[in-house]
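Q: Counting from 1 along the sequence shown, just add 72 to a position and that's the residue number in our numbering. We put the CB at the ideal spot given by N, CA and C, even for glycine.
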Amino acid sequence: MKATVVKNTRISDKFGYLELKCPEIAKEKNAGRFFMISPHSDSVYITDTLLKRPFAICDITSEETFTCLYMITGRGTKILSEALPGNNFLVTGPIGNFFRFEKDTSVALIAGGIGLAPMINSARKLREMGIKVTLYYGGRSKSDILMYDFLQTICDELFITTDDGSLGIHGNVLVPLKENIQNYKKIYACGPNRMLQAVTDLCSQNNIPIDVSLDEQMGCGVGACLGCIITINENNEKVKKRCCVEGPIFDGTKVDWDSLIR
Ligand SMILES: Cc1cc2nc3c(=O)[nH]c(=O)nc-3n(C[C@H](O)[C@H](O)[C@H](O)COP(=O)(O)OP(=O)(O)OC[C@H]3O[C@@H](n4cnc5c(N)ncnc54)[C@H](O)[C@@H]3O)c2cc1C
Ligand code: FES
Numbered sequence: 073m074k075a076t077v078v079k080n081t082r083i084s085d086k087f088g089y090l091e092l093k094c095p096e097i098a099k100e101k102n103a104g105r106f107f108m109i110s111p112h113s114d115s116v117y118i119t120d121t122l123l124k125r126p127f128a129i130c131d132i133t134s135e136e137t138f139t140c141l142y143m144i145t146g147r148g149t150k151i152l153s154e155a156l157p158g159n160n161f162l163v164t165g166p167i168g169n170f171f172r173f174e175k176d177t178s179v180a181l182i183a184g185g186i187g188l189a190p191m192i193n194s195a196r197k198l199r200e201m202g203i204k205v206t207l208y209y210g211g212r213s214k215s216d217i218l219m220y221d222f223l224q225t226i227c228d229e230l231f232i233t234t235d236d237g238s239l240g241i242h243g244n245v246l247v248p249l250k251e252n253i254q255n256y257k258k259i260y261a262c263g264p265n266r267m268l269q270a271v272t273d274l275c276s277q278n279n280i281p282i283d284v285s286l287d288e289q290m291g292c293g294v295g296a297c298l299g300c301i302i303t304i305n306e307n308n309e310k311v312k313k314r315c316c317v318e319g320p321i322f323d324g325t326k327v328d329w330d331s332l333i334r
C-alpha cells in the first residue's frame, strides 16, 4: 500500500512530522495503533534500510490523511525527514491493538519524549467521547517539548516537565503525577521504558490500572520474524509476546521490566 507525502514539517534538527495521504490508515477509528513505513521513497532507494520502521498514527487530519511525528535517530528516520511532497512510501497498517477508553472515567495520558505521538490521537479520541483530556508530557529540555501551543488546544489540562527545568515543572512526569494520581481511574502511557516502569510502579502503589505502549524494535510488523518479542508475567509464568501483533499496548503491571531494561 502506498502513502504519499502531503507535507513534511521540520520542528527542529531532531524532530518533524509528515502528513501522509493514505485513506486506509486515515480511516482508523481507535487510538494507539501504528503503521510500518519503508524508508525508501520512489525517489530514494538505499539497500541498507530494507526493513520497514514502525511509527504511531499520530493524528488523523482528514478522511484521507494522517500525521507521523518523527525523531531522527538513524538512517531510516533521516531519510523520512528529507521526504518531499509527492514522494511515495510503501506502508502497512493500521497494526496492533489500541487504547481502550471507557466512557465516564477519569484518566490521564502520560508521554515521554517521542512517546507523545500516539497521545495526540488519544487526546482527540477522549475529547470525542466527552472525557476530560489530561496530559503529562516530559522531555529532557525545552527543545524536546514539541507542539506546545497545539497541545494546549487539544488538552483540558497539560502538565509539562523538563529534566533541566527549562520549561514547565523541573523534574520528570512523576513529580506532578504523584500529586494527582488518586484522581484517575486509569493511566495510559508511552515513552522510554524506564519512565514507563516508574509510572507503572506508582500506579501499582496506588492500585490504579495502567496500559503502556512499548516502542520495541521491529523487523516485520506482522508477527512473522519474532524480532519484537517481549516477556509478560502471566499466572506466575513468563510468557513471550510479539509486540507488533499482541501489542504494542500491554498492561504495565504484567510487563517484565527487568528483561526490557538492560
Ligand atoms: C509501535 C511503535 C511506534 C513507534 N512510533 C514512533 C513514532 O511515532 N515516532 C518516532 O520517531 N519513533 C517511533 N517509534 C520508534 C521508531 O520506529 C524508531 O525510532 C525507528 O525505527 C528508528 O529507525 P532508524 O532507521 O532511524 O534508526 P536505526 O536505529 O538506524 O534503525 C533501526 C535499525 O534496527 C533494525 N531493526 C529494527 N527492528 C529490528 C529487529 N527486530 N531485529 C533486528 N534489527 C532490527 C532496522 O532494520 C534498522 O536497521 C515507534 C516504535 C514502535 C515499536
Ligand atoms: S516485528 Fe516481526 S514478529 Fe513482530
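So, helix, strand or coil for residue 97, using DSSP?
A: On the sequence shown, position 25 is the one that residue 97 refers to. Helix at residue 97.
Q: Indicate the three-state DSSP secondary structure (helix, strand or coil) for residue 219 in the structure shown.
A: The residue labelled residue 219 in the question sits at position 147 within the sequence shown. Three-state DSSP puts residue 219 in coil, outside helix and strand.
Q: Taking all protein chains shown into account, do 16 or more other C-beta atoms lie within 10 angstroms of the C-beta of residue 229, making it buried, or fewer, making it exposed?
A: Translated into the one-based positions of the sequence shown, residue 229 becomes position 157. Of the other Cβ atoms in all chains shown, fewer than 16 fall within 10 Å of the Cβ of residue 229; this residue is therefore exposed.
Q: Classify residue 261 as buried or exposed, calling it buried when 16 or more other Cβ atoms lie within 10 Å of its own Cβ.
A: For the purposes of this step, residue 261 is taken as residue 189 along the sequence shown, with counting starting at 1. With 16 or more Cβ atoms within 10 Å of its Cβ, residue 261 is classed as buried.
Q: What ranges does the beta strand (DSSP E) occupy inside the stretch 182-220, keeping only unbroken runs of at least 3 residues that lie completely in it?
A: 206-211
Q: What first and last residue would you give for the alpha helix (DSSP H) that runs through residue 250?
A: Locating residue 250 in the sequence shown gives position 178, counting from the first residue. Residue 250 -> alpha helix (DSSP H) spans 246-252.
Q: Assuming residue 257 contacts residue 177 (C-beta within less than 8 Å), just tell me the rounded distance between them.
A: Position 185 of the sequence shown holds residue 257. Position 105 of the sequence shown holds residue 177. Indeed, because the Cβ distance is near 5 Å, the residues count as touching under 8 Å.
Q: Tell me, which residues are paired with residue 126 by DSSP?
A: Counting from 1 along the sequence shown, the entry for residue 126 is found at position 54. Paired residue(s): 108.
Q: Quick one: measure Cβ to Cβ for residue 140 and residue 89, integer angstroms, because I've assumed they're closer than 8 Å.
A: As a position in the sequence shown, residue 140 is number 68, starting the count at 1. As a position in the sequence shown, residue 89 is number 17, starting the count at 1. Indeed they touch by this definition, with Cβ atoms about 6 Å apart.
Q: In whole angstroms, what separates the C-alpha of residue 19 from that of residue 133?
A: Because the chain here runs from 73 to 334, residue 19 falls outside it and cannot be looked at.
Q: Is the number of C-beta pairs between the stretch 186-200 and the stretch 272-281 that are closer than 8 Å three or more?
A: no
Q: Report yes if the CB atom of residue 244 is closer than 8 Å to the CB atom of residue 235, and no otherwise.
A: Translated into positions along the sequence shown, residue 244 becomes position 172. Translated into positions along the sequence shown, residue 235 becomes position 163. Yes, they are a contact pair.
Q: Alpha helix (DSSP H) containing residue 75: first to last residue?
A: Translated into the one-based positions of the sequence shown, residue 75 becomes position 3. That residue, residue 75, is in no alpha helix (DSSP H); its beta strand (DSSP E) goes 74-82.
Q: If contact is defined by three or more beta carbon pairs under 8 Å, each pair taking one atom from either stretch, is the stretch 308-319 in contact with the stretch 262-272?
A: no
Q: Less than 8 Å between C-beta atoms, sequence neighbours within five positions excluded: which residues of the same chain meet that for residue 231?
A: Against the sequence shown, residue 231 aligns to sequence position 159. Cβ neighbours of residue 231 beyond the five flanking positions: 206, 207, 208, 209, 240, 241, 245, 248, 249.
Q: Among 318, 315, 263, which has the Cα closest to the Cα of residue 185?
A: For this step, residue 185 is matched to residue 113 along the sequence shown. Residue 263 is the option with its Cα nearest to residue 185.
Q: For residue 285, report the span of its beta strand (DSSP E) as first-last.
A: Counting from one through the sequence shown, the residue named residue 285 turns up at place 213. Unbroken beta strand (DSSP E) run through residue 285: 282-285.
Q: With distances taken from CA atoms, which of 211, 190, 303 is nearest residue 129?
A: As a first step, residue 129 is located in the sequence shown; it is residue number 57 there, counting from the start. Nearest option by C-alpha distance: 190.
Q: For a minimum of 4 consecutive residues, which ranges assigned as the alpha helix (DSSP H) are wholly contained in the stretch 124-161?
A: 147-153
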